[in-house]
Each structure stands twice: as structure tokens, then as C-alpha cells.
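**Q**
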Amino acid sequence: MKRSFLLRTRILVLGGLGLIAATYGLVRLAYGLFLPDVQHDLGFGADVGGAVSSGASALYCVGAVAGFLLAGRAARWLVVGAALTAGVGVIVMAASPTAPVFGASAVVASTGAGLASPAMVQLVAGRVDGAVRDRAQAVVNSGTGPGLVAAGVLALVLLPDWRTAWTVAGVVTLLVGAVVFLAAGPIGRAVTSGRAPRAVLPDRSWFGAQVVPVVVALLFGAGSAVVWTYGRSALVSAGVPSALTVVAWIVLGVGGASVAVTARWTSGVPAARTWSLTTTLAAVAVLALGLLPHLVVAALMACAVFGWAYTAATGALIAWTTETDQQHAAAGTALLFVVLVAGQALGAAAAGALVEPAGTEATFTIAAAVVAIAAAVPLLVARRGLRSAVPTR
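Its first residue numbered 1, the sequence shown is counted upward by one per residue in the working numbering.
(1) Quick check: the Cα distance between residue 438 and residue 145, rounded to an integer number of angstroms?
(2) Quick check: the Cα distance between residue 109 and residue 324, rounded to an integer number of angstroms?
(3) How many Å lie between residue 112 and residue 29 at the Cα?
(4) Using the three-state DSSP reduction, which class does residue 29 fall into: helix, strand or coil?
(5) Where does the unbroken alpha helix (DSSP H) through residue 242 begin, and where does it stop?
(6) Kindly list the residues whose CB is nearer than 8 Å to the CB of residue 105, restricted to its own chain and excluding five residues on each side of it in sequence; keep chain order.
(7) With burial defined as no fewer than 16 other Cβ atoms inside 10 Å of the residue's Cβ, what is the status of residue 219: buried or exposed?
(8) Which residues in the same chain as residue 212 place their Cβ atom closer than 7 Å to its Cβ, once the five residues preceding and following it in sequence are excluded?
(9) Where does residue 39 fall in DSSP's three states?
(10) Would you give the residue range spanned by the alpha helix (DSSP H) that residue 220 belongs to?
(11) List the whole-angstrom C-beta distance separating residue 367 from residue 286, where the pair is believed to meet the contact cut-off of C-beta under 8 Å.
(12) Can you tell me which of the three DSSP states residue 269 falls into?
(13) Of the choices 57, 263, 150, whose alpha-carbon is the least far from that of residue 135?
(14) For residue 97, which of helix, strand or coil comes out of DSSP?
(15) Could you check whether the segment 291-306 touches the segment 249-256, counting it as contact only if at least three pairs of C-beta atoms, one from each stretch, sit closer than 8 Å?
(16) Are the beta-carbon atoms belonging to residue 34 and residue 162 less than 7 Å from one another?
(17) Taking Cβ to Cβ, would you say residue 69 is nearer than 7 Å to residue 78?
(18) Roughly how many angstroms separate the alpha carbons of residue 128 and residue 9, rounded to a whole number?
(19) Relative to the C-alpha of residue 319, which residue among 361, 275, 346 is closest?
(20) On the CB-based measure, 16 or more other CB atoms within 10 Å of its CB, does residue 173 come out buried or exposed?
(21) Which ranges would you report for the alpha helix (DSSP H) in the segment 130-172 if only whole runs of at least 4 residues count?
(22) What does the Cβ neighbour count give for residue 228, buried or exposed, with the cut at 16 atoms within 10 Å?
(23) Please report the distance separating the alpha-carbon of residue 327 from that of residue 17.
(24) Is the beta carbon of residue 86 sitting closer than 7 Å to the one on residue 27?
(25) Mark residue 7 as exposed unless 16 or more other C-beta atoms lie within 10 angstroms of its C-beta, in which case mark it buried.
(26) Could you tell me how far apart the beta carbons of residue 236 and residue 336 are, in whole angstroms, since I believe they sit closer than 8 Å?
(27) Could you tell me the alpha carbon to alpha carbon distance between residue 191 and residue 291, rounded to whole angstroms?
(28) Keeping to the same chain, check which residues put their C-beta closer than 6 Å to that of residue 158; ignore five residues upstream and five downstream.
(29) Please report the Cβ distance between residue 143 and residue 20, rounded to the nearest whole angstrom; I am assuming they are in contact, meaning their Cβ atoms lie under 8 Å.
(30) In the DSSP assignment, find the alpha helix (DSSP H) that holds residue 118 and state where it starts and stops.
(31) By the DSSP assignment, the alpha helix (DSSP H) with residue 310 in it spans what residues?
Here it is in C-alpha cells:
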């Protein structure tokens, strides 16, 4: 029986990686990859594209709040909700005859990612042994990278036929959701003795401990949104050949996927320190992508760095809230991811309003500055804490 339990655990972790890959990389974050071709076919501008991205981020937050409230009691059913909203939503996107239909279905499809993260955190916490739980969480969270790579491969093969690409993404999302649901079933519940207790709402002191992560997550979300929404558009506008712009997106995904390899080193580092390192690199990458999109090698390097840094930073948020209170790890993940994506909603709307009148360089430079502030805040707080701890004469 132990061997079958171990197999079920491995399937759960790999399936969880696949669910994150599908709901984030293939559906939610692939929006920016396919946006130039969708705009060409459906006839809407950058301002509408930014508004749709902002609305999708808002509904993601709704899904993540639902995960915050329900992960402790119904994590498996959250997986079903994630697969259905993302999978069916993206299939409707693929069939959309008009911009309003496309925008509405894109907003709904984004909900799946919000449901998936807290559900997988709860399932891994309750079904994976404590000795390897942190690494398992990092592996599942790194699914964004492989999802981006898969989206890029679909784009490279199928574009400008974005409809077929998103139809494939929808079918894959529904299938991988079914795998996770079955792997986390009643038999899988006894995989380890480390089953997490049913979550209860945190108390006031817990929320107080989340203030710094909440602030920096909001800032990072706002600054990083420009890459997810207009990253490929910046390359297209700079005259980079279409195939190379898709390759850049694939490189971004490879950078995110490499987090599964580097997790063995970053998992031993305090979460706040990991956060500052990863977001500093992300700020540099955003700046490079905005200022040097015409230099293909520099743009590819920026995409790789940003992919790794963004995914590792989101993993640092999970580790940060887990360090605070492991019992409420799913609730903390939902809270921080809600704030992160709320920041993306603000950032996407702001970038959409700025990119045409102010230009790509100015928009990306402002975004990089916001990300840099997110990197600096924990260091400033830590330094202030050390100073306050020094006795005065």
C-alpha cells in the first residue's frame, strides 16, 4: 500500500504542476502572448486590451478569495472549479466572434488560476510528508513556466491561428484538472500522516504579520503586469520578427520552469531574502525589455531572467506566509495572490493608458521602478527592525 500511496502522491504533485501550468501559463498569462493577433482579428486597441487584462485580474481575485474561504474544506472541488472556469472559458475565447464576447470569456477564464493556487497549496500540505513538503510546493508553483513554454510552442506552430491554440489549451486544462481531482481522492487522503487540519479563519495577529508581504505583493503585481500584457507587443513594435517574439515567450517560460531546479537552493533561504533577490532581478529584466527590445539577445536574456524571477518570487510569497503560520498556508497564499493580481489589475490598466501616449520605454521604465521598490521594502523594514533592537544610551 505504501508504494501505491507514494505513486498517488507523485501523481498529485505532477498533476498539480500541470494544473498550475494550464490555468496560469496556458490560459491566464498567455493572454499577452496572443494579444497582438487577437487585436488584429477582432479590431480593438491597446486600451481595450489593458482593460480586459485588468478585468481578468479582478475576477482572478474573486476566485482566490473563494479559495481563501474554501480551501480547508473543499480543496478537491476548487480544483474542479479551476479546471471548468479556465478550460471552458478559454474555449469560449477561441470561438468568440466579437471583442465583447472575447473580453467577457477572458475575464471568466482567469478565475481558474485564482481557484487553483490555494487548492493545490492545501492539497500538498495535507498529502505530502513534511520533509519534502516545501520542495513539493515549489515544484507545483513552478508550473507557470512549463505552461508558458507550452503556450509558446502552440503559438510558434499555430499563429496567427490563435483560436486553435486556445482550444487546445482548454482541452488540456480540463484533462489535467480531472487527473488532480482523482489523485487527491479519498484513497489519496491517507498518503501521509501529515494531513493538514481543517483550516479556520486566521486571527488579527496573523493579518498583522502579513502587512509587509501584502504591500510588496501589490507593488510587484503592478510593476510586473506590463510584461505579461505588453511584453510581446513591445517586441513586435520594435520590429522583431514574429517567430522570434514567440521564441522570447518560450524563453520566458523556460526561465520560470527552471525554478523547479533551483528550488533545492532557494528553499533553504529565508523567504524575505529570496523575495528581495528575485524581485531585484525582475526589475532589471523589466527595464531591459523596455529599453532594449530591438536587441534580440538582450531581450531573450531579459525574458529568461524575468521568467525565473517572477516564478521564484511567487514561490517566496508562499514560503513567506508559511513561515508565519503553516496551518494557514492556503489562506495566506490566497491573500497574497489576491493582492498580487489586484496589483496586476492596476498595473495593466495603467500600462494600457500609458503605452500609446507615453511610449514603450517610459511605460516599462516606470514599471521597473515600481518592482524595484517592492524589492527594497523588506530590506528597509529589516534594517529598521535591527536598529530598533539596538539599545540606546
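Where a beta carbon is used, it is the ideal one built from N, C-alpha and C, also for glycine.
**A** From the atom records:
(1) What is shown of the chain runs 1 to 393, which leaves residue 438 out entirely.
(2) Residue 109 and residue 324: Cα-Cα distance of roughly 31 Å.
(3) Looking at the two C-alpha atoms, the distance is approximately 12 Å.
(4) Residue state, collapsed to three classes: coil.
(5) Start and end: 242-257.
(6) Non-local C-beta neighbours of residue 105 in its own chain, meaning closer than 8 Å and more than five positions away in sequence, comprise 89, 90, 92, 93, 96, ordered along the chain.
(7) Taking all protein chains in view, the Cβ of residue 219 is crowded by 16 or more other Cβ atoms within 10 Å, so the residue is classified as buried.
(8) Taken in chain order, the residues that qualify are 377, 378, 381.
(9) In the structure shown, the three-state DSSP call for residue 39 is helix.
(10) 211-237 is the extent of the alpha helix (DSSP H) around residue 220.
(11) Rounded to whole angstroms, the Cβ separation of residue 367 and residue 286 is 5 Å, and the two are in contact under 8 Å.
(12) Correct three-state label for residue 269: coil.
(13) For residue 135, the closest alpha carbon among the candidates 57, 263, 150 is that of 263.
(14) Here residue 97 sits in coil by DSSP.
(15) The answer is yes - the segment 249-256 touches the segment 291-306, with three or more Cβ pairs under 8 Å.
(16) Yes, the Cβ-Cβ distance between residue 34 and residue 162 is below 7 Å.
(17) No, Cβ-Cβ distance for residue 69 and residue 78 is not below 7 Å.
(18) Using only the alpha carbons, I get a separation of about 7 Å.
(19) When C-alpha distances from residue 319 are compared across 361, 275, 346, the shortest belongs to 275.
(20) Counting the other Cβ atoms within 10 Å of the Cβ of residue 173 gives 16 or more, which makes it buried.
(21) Restricted to the segment 130-172, the alpha helix (DSSP H) segments that are unbroken, complete and at least 4 residues in length are 130-141, 144-158, listed in chain order.
(22) Answer is buried; the Cβ neighbour count reaches 16.
(23) Each residue's Cα considered, the two are about 22 Å apart.
(24) Between residue 86 and residue 27, the C-beta gap is smaller than 7 Å, which places the two residues in contact.
(25) Classification of residue 7: exposed, given that the 10 Å Cβ count is below 16.
(26) Contact check for residue 236 and residue 336: beta-carbon distance about 32 Å, past the 8 Å limit, so the pair fails to qualify.
(27) Any reading at residue 191 must be qualified, since the residue scores a pLDDT of 42, below 50, and its modelled position is unreliable; no value is offered.
(28) Non-local C-beta neighbours of residue 158 in its own chain, meaning closer than 6 Å and more than five positions away in sequence, comprise 164, 165, ordered along the chain.
(29) Under the criterion of beta carbons closer than 8 Å, residue 143 and residue 20 qualify as touching, at roughly 3 Å.
(30) Per DSSP, residue 118 is one residue of the alpha helix (DSSP H) stretching across 111-127.
(31) For residue 310, the uninterrupted alpha helix (DSSP H) segment begins and ends at 296-324.
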